[in-house]
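J.:
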Amino acid sequence: MSKVSPLVDGLIEAMQCLPGVGPKSAQRMVLHLLERNRDGGIMLADIMAKAIEGVGKCKKCRIFTESEFCSICSNEKRDKSFICVVESVSDVFAIEQSNQFNGNYFILHGHLSPIDDIGPEELALDKLFNLAKSEEVKELILATNSTLEGETTSHYIYDYLKDLEDLKLTKLAQGVPLGGELEYVDRGTIMHAFSGRVELKDLSK
Amino acid sequence: MTLVKRVNLEPAFVLHTRAFKETSLLVDLFTKNLGRINVVAKGARKPKSPLRSVLTPASLFAVSFSGKTDLKNLNACELLNHYSLSMPVSFNSIVYVNELLIKATEKEDPHEEIFNQYQLLYEGLSGKKERNEIEVFLRSFELVLLQELGYGIDLSFESISGNKIQPKDKYMFDPSLGFTKVRTDSIKSNGIFLGKDILNFSSGDLTEEDSRLASKKIMRLALDHHLGNKSLNIRKYLSKE
Numbered sequence: 002m003s004k005v006s007p008l009v010d011g012l013i014e015a016m017q018c019l020p021g022v023g024p025k026s027a028q029r030m031v032l033h034l035l036e037r038n039r040d041g042g043i044m045l046a047d048i049m050a051k052a053i054e055g056v057g058k059c060k061k062c063r064i065f066t067e068s069e070f071c072s073i074c075s076n077e078k079r080d081k082s083f084i085c086v087v088e089s090v091s092d093v094f095a096i097e098q099s100n101q102f103n104g105n106y107f108i109l110h111g112h113l114s115p116i117d118d119i120g121p122e123e124l125a126l127d128k129l130f131n132l133a134k135s136e137e138v139k140e141l142i143l144a145t146n147s148t149l150e151g152e153t154t155s156h157y158i159y160d161y162l163k164d165l166e167d168l169k170l171t172k173l174a175q176g177v178p179l180g181g182e183l184e185y186v187d188r189g190t191i192m193h194a195f196s197g198r199v200e201l202k203d204l205s206k
Numbered sequence: 181m182t183l184v185k186r187v188n189l190e191p192a193f194v195l196h197t198r199a200f201k202e203t204s205l206l207v208d209l210f211t212k213n214l215g216r217i218n219v220v221a222k223g224a225r226k227p228k229s230p231l232r233s234v235l236t237p238a239s240l241f242a243v244s245f246s247g248k249t250d251l252k253n254l255n256a257c258e259l260l261n262h263y264s265l266s267m268p269v270s271f272n273s274i275v276y277v278n279e280l281l282i283k284a285t286e287k288e289d290p291h292e293e294i295f296n297q298y299q300l301l302y303e304g305l306s307g308k309k310e311r312n313e314i315e316v317f318l319r320s321f322e323l324v325l326l327q328e329l330g331y332g333i334d335l336s337f338e339s340i341s342g343n344k345i346q347p348k349d350k351y352m353f354d355p356s357l358g359f360t361k362v363r364t365d366s367i368k369s370n371g372i373f374l375g376k377d378i379l380n381f382s383s384g385d386l387t388e389e390d391s392r393l394a395s396k397k398i399m400r401l402a403l404d405h406h407l408g409n410k411s412l413n414i415r416k417y418l419s420k421e
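Line order of the protein sequences matches chains A and B.
Going letter by letter, the first sequence gives residues 2 to 206 in the numbering used here.
Going letter by letter, the second sequence gives residues 181 to 421 in the numbering used here.
(1) With DSSP as the reference, label Leu179(A) as helix, strand or coil.
(2) For Val87(A), which residues in the same chain have their Cβ closer than 8 Å to its Cβ, ignoring the five residues on either side in sequence?
(3) Would Cys18(A) be called buried (16 or more neighbouring beta carbons within 10 Å of its own) or exposed?
(4) By Cβ distance below 7 Å, which residues in the same chain neighbour Gly332(B) in space, the five residues on each side in sequence not counted?
(5) Rounded to whole angstroms, how far is the Cβ of Thr153(A) from the Cβ of Phe271(B), which I believe are closer than 8 Å?
(6) Of the residues Ala46(A), Glu137(A), Ala125(A), Leu12(A), which one's Cα is nearest the Cα of Val31(A)?
(7) Does DSSP put Leu19(A) in a helix, a strand or coil?
(8) Cβ of Pro355(B) within 7 Å of Cβ of Ala402(B)?
(9) Using a Cβ-Cβ cutoff of 9 Å, what residues of the region 149-180 of chain A are near chain B? List them in chain order.
(10) Sort Met44(A), Asp117(A), Glu123(A) by Cα distance to Arg63(A) and report the nearest one.
(11) Taking the beta carbon of Ala394(B) as the centre, do at least 16 other beta carbons fall within 10 Å, making it buried, or is it exposed?
(12) What first and last residue would you give for the beta strand (DSSP E) that runs through Lys51(A)?
(13) What does the Cβ neighbour count give for Tyr185(A), buried or exposed, with the cut at 16 atoms within 10 Å?
(14) May I have a chain-ordered list of the alpha helix (DSSP H) segments no shorter than 4 residues that lie completely inside the region 376-416 of chain B?
(15) Just to confirm the assignment, what range does the beta strand (DSSP E) spanning Gly215(B) have?
(16) The alpha helix (DSSP H) that contains Ala133(A), what's its start and end?
(17) What three-state label does DSSP hand Lys58(A) in the structure shown?
(18) Spatial neighbours of Asn188(B) within its chain, please: C-beta separation below 8 Å, excluding the five flanking residues on both sides.
(19) Using alpha carbons as the reference points, say which of Gln346(B), Ile314(B), Tyr298(B) lies closest to Lys396(B).
(20) With Asp168(B) as the anchor, note down where its beta strand (DSSP E) starts and where it stops.
(21) Looking at Gly371(B) and Gln346(B), is the spacing between their C-beta atoms short of 7 Å?
(22) In angstroms, rounded to a whole number, what distance separates the CA positions of Cys74(A) and Phe65(A)?
(23) Three or more C-beta pairs closer than 8 Å, one from the region 223-233 of chain B and one from the region 197-205 of chain B: is that the case here?
(24) Should Gly275(A) go down as buried or exposed, given a rule of 16 or more other Cβ atoms within 10 Å for buried?
(25) Does Lys264(B) get closer than 7 Å to chain A when you measure Cβ to Cβ?
(26) On the criterion of 16 or more Cβ atoms from any shown chain inside 10 Å, does Ser114(A) qualify as buried, or is it exposed?
(27) Do the region 180-199 of chain A and the region 287-300 of chain B make contact, defined as three or more Cβ pairs closer than 8 Å?
(28) Run through chain B and tell me which residues come within less than 8 Å of Pro20(A), C-beta to C-beta.
(29) Contact between the region 274-294 of chain B and the region 398-417 of chain B: three or more CB pairs below 8 Å?
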């Protein structure tokens with residue numbers, strides 16, 4: 002890489018901490034900011050410093066927020082008796098976009114993975130268990146990813162909480178995707194779709 | 181270490197995957213003839229990649245990969261068989277066995293017999309099974325694993341005297357030696373087992389609770405000894421079991 006000045010080189014190198022940004026695209030970004038968009042650069046630097054400094058995790062659901070409780074947890078209109086357990090914040094964004102769920106979340110920030118040394122402590126499961134034991138929670142929806150580790154995580158949670166009365170433990174349905182053609186659906190999914198088939202009567206309610 | 185340039189349609193299981201760069205996946209494969217291999221599946225995390233959500237444990241693949249370094253490139257991957265694990269206990273078992281394999285075997289060290297046993301384990305785990313049936317498969321996998329790594333355990337004879345193990349006698353188990361007969365009244369102390377349980381384990385009959393627990397303890401002692409300081413994390417997580 003060209004050595005221009007310590008600041009420019011330093012910025013190019015610092016940019017590469019972003020995922021998917023290598024030396025070439027870092028250089029392009031830096032040159033763009035310096036050549037054409039200095040205001041944008043100042044704004045970016047400002048808000049980034051503020052965000053990194055101020056954003057922590059919501060005390061209740063562990064989503065990223067700069068206040069004590071996030072806007073979902075402190076929203077009075079949301080139904081606090083439903084808690085949806087997901088692996089990452091991007092899962093929350095995906096579910097929020099569907100406009101289907103009006104409860105609260107709990108974010109694990111990962112899944113149980115002994116090989117990577119990620120256990121119940123890293124996922125703050127004791128926090129989740131305490132939350133689940135509180136009276137206002139009626140149903141825990143386990144929406145971990147449908148991978149081996151995700152299923153193991155959700156089973157671990159189920160195992161711990163299954164004896165709690167008055168707590169419904171559910172997991173998301175699995176099956177043929179919307180607009181999907183059976184011919185192109187993989188075997189595992191078809192198998193799940195068959196074992197989880199529903200009566201049409203229930204659907205038309 | 182073998183220098184692999186190009187390998188075609190090699191039977192393999194996925195042991196572990198982790199995200200790599202923006203859209204790629206680092207995959208720990210357990211192949212039939214080449215042992216554990218690390219490959220990069222380029223673009224496997226793109227939304228429309230055919231490999232997305234396919235490269236997971238519990239499936240047998242025919243993989244083709246190439247490369248000269250430690251990390252190969254995955255060129256193609258065909259699904260041969262998917263094992264449907266229904267019981268959650270079997271999920272834990274697979275997570276356990278995969279961690280065990282990664283910690284106990286070296287990369288690119290071929291273990292065909294372990295591979296066959298691993299496949300048998302999946303066949304055993306798929307479908308509805310009782311808990312103790314699952315344990316039989318796990319124990320026999322562990323036995324074969326130790327044997328193939330050169331730490332086989334003799335479950336029928338004493339180690340020093342060479343006498344047959346008798347159902348009514350008590351034996352002390354030393355992971356580096358094997359079983360030795362002891363005269364003691366209690367089998368509560370660690371590492372002492374009843375002959376009957378050892379023989380039941382050797383014949384694969386773990387229907388009795390005592391034999392089941394004994395076989396688990398024997399394997400745990402042996403594996404811990406041979407793994408050295410690489411302790412298995414999953415035991416910590418599932419310690420209440």
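Backbone N, C-alpha and C fix where the C-beta goes; we use that ideal spot for every residue, glycine too.
All figures in this text were calculated on a predicted structure; none of them were measured in a lab.
T.: Judging by the given coordinates:
(1) DSSP places Leu179(A) in coil when its eight states are reduced to three.
(2) Counting only Cβ-Cβ distances below 8 Å, and skipping sequence neighbours, we find Val93, Ile96, Tyr106, Phe107, Ile108, Leu109, Ala144, Thr145.
(3) Cys18(A) is exposed by the Cβ-count criterion.
(4) The residues are Leu326.
(5) The beta-carbon distance between Thr153(A) and Phe271(B), rounded to whole angstroms, is 5 Å. This is short enough to meet the 8 Å contact definition.
(6) Answer by Cα proximity: Leu12(A).
(7) Three-state DSSP puts Leu19(A) in coil, outside helix and strand.
(8) Judged by beta-carbon spacing, Ala402(B) lies within the 7 Å limit of Pro355(B), meaning their Cβ atoms are closer than that value.
(9) From the region 149-180 of chain A, only Leu149, Glu150, Glu152, Thr153, Ser155, His156, Tyr157, Tyr159, Asp160, Tyr161 have a Cβ closer than 9 Å to chain B.
(10) That would be Glu123(A), whose Cα lies nearest to the Cα of Arg63(A).
(11) That one is buried.
(12) Counting along the chain, Lys51(A) falls outside any beta strand (DSSP E), though it belongs to the alpha helix (DSSP H) covering 39-55.
(13) Tyr185(A) comes out exposed.
(14) Every alpha helix (DSSP H) stretch that sits fully inside the region 376-416 of chain B and reaches 4 residues is listed by chain position as 389-407.
(15) Residues 215-221.
(16) The continuous alpha helix (DSSP H) containing Ala133(A) extends over residues 126-134.
(17) The answer is strand: DSSP assigns Lys58(A) an E or B state.
(18) So the qualifying residues of the chain are Ser244.
(19) It is Ile314(B) whose Cα lies nearest to the Cα of Lys396(B).
(20) Past the boundaries of the shown model lies residue 168(B); chain B is included only from 181 to 421, so the question cannot be answered.
(21) Contact: no.
(22) Near 12 Å, if we compare the C-alpha coordinates of Phe65(A) and Cys74(A).
(23) At 8 Å Cβ cutoff, the stretches touch.
(24) Since the first and last residues shown for chain A are 2 and 206, residue 275(A) lies out of range.
(25) Inspection of the sequence shows that residue 264(B) is occupied by Ser rather than by Lys. By this cut-off, Ser264(B) is an interface position.
(26) Within a 10 Å sphere around the beta-carbon of Ser114(A) sit 16 or more other beta-carbons, which makes this residue buried.
(27) Short answer: they don't touch.
(28) By Cβ distance, chain B contributes Lys201, Glu202.
(29) Enough Cβ pairs lie closer than 8 Å, so yes.
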